[in-house]
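Participant:
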């Protein structure tokens, strides 16, 4: 991949296709230094920024982990039903890792 975020920004528009989203998300990750930087890179492209950030964030989480500060904030604003699902998932994930 020879493109950079700076070369993509002026021309990137909403594109829901894999071909128009996944490479940009990967580039946003590759130009990052940590989890938050990766998300900010993805959002800075505009267009389908929620999808870009979701893809980039998934890669960044695997590489950097999610900082506790961000995790705590996200969990603090989750509606109760979603918080319960999160807790069930974490409990199951811990069980499956044994």
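Residue numbers (my numbering): 1053 to 1150.
Backbone N, C-alpha and C define an ideal beta-carbon position, used for all residues, glycine too.
All figures in this text were calculated on a predicted structure; none of them were measured in a lab.
Under 9 Å between the Cβ atoms of residue 1112 and residue 1091?
Facilitator: Position 60 of the chain shown, counting from 1, holds the residue named residue 1112. Position 39 of the chain shown, counting from 1, holds the residue named residue 1091. Yes, the Cβ-Cβ distance between residue 1112 and residue 1091 is below 9 Å.
Participant: Out of 1143, 1072, 1062, which has the shortest C-alpha to C-alpha gap to residue 1107?
Facilitator: On the chain shown, position 55 is the one that residue 1107 refers to. With distances taken between Cα atoms, residue 1107 lies closest to 1072.
Participant: Would you call the region 1060-1069 in contact with the region 1091-1101, where contact means no fewer than 3 C-beta pairs closer than 8 Å?
Facilitator: Short answer: they touch.
Participant: By a C-beta neighbour count over all protein chains shown, 10 Å radius and 16 as the cutoff for buried, is residue 1084 buried or exposed?
Facilitator: Walking along the chain shown from the start, residue 1084 turns up at place 32. Buried, since its Cβ has 16 or more Cβ neighbours within 10 Å.
Participant: How many whole angstroms separate the CB atoms of residue 1087 and residue 1118, which I take to be in contact at a CB cut-off of 8 Å?
Facilitator: As a working mapping, residue 1087 is identified with position 35 in the chain shown. As a working mapping, residue 1118 is identified with position 66 in the chain shown. Correct: roughly 6 Å between the Cβ atoms.
Participant: By alpha-carbon positions, which one of 1069, 1076, 1067, 1070 ends up nearest to residue 1055?
Facilitator: On the chain shown, residue 1055 is found 3 positions in, with the first residue counted as 1. Residue 1076 is the option with its Cα nearest to residue 1055.
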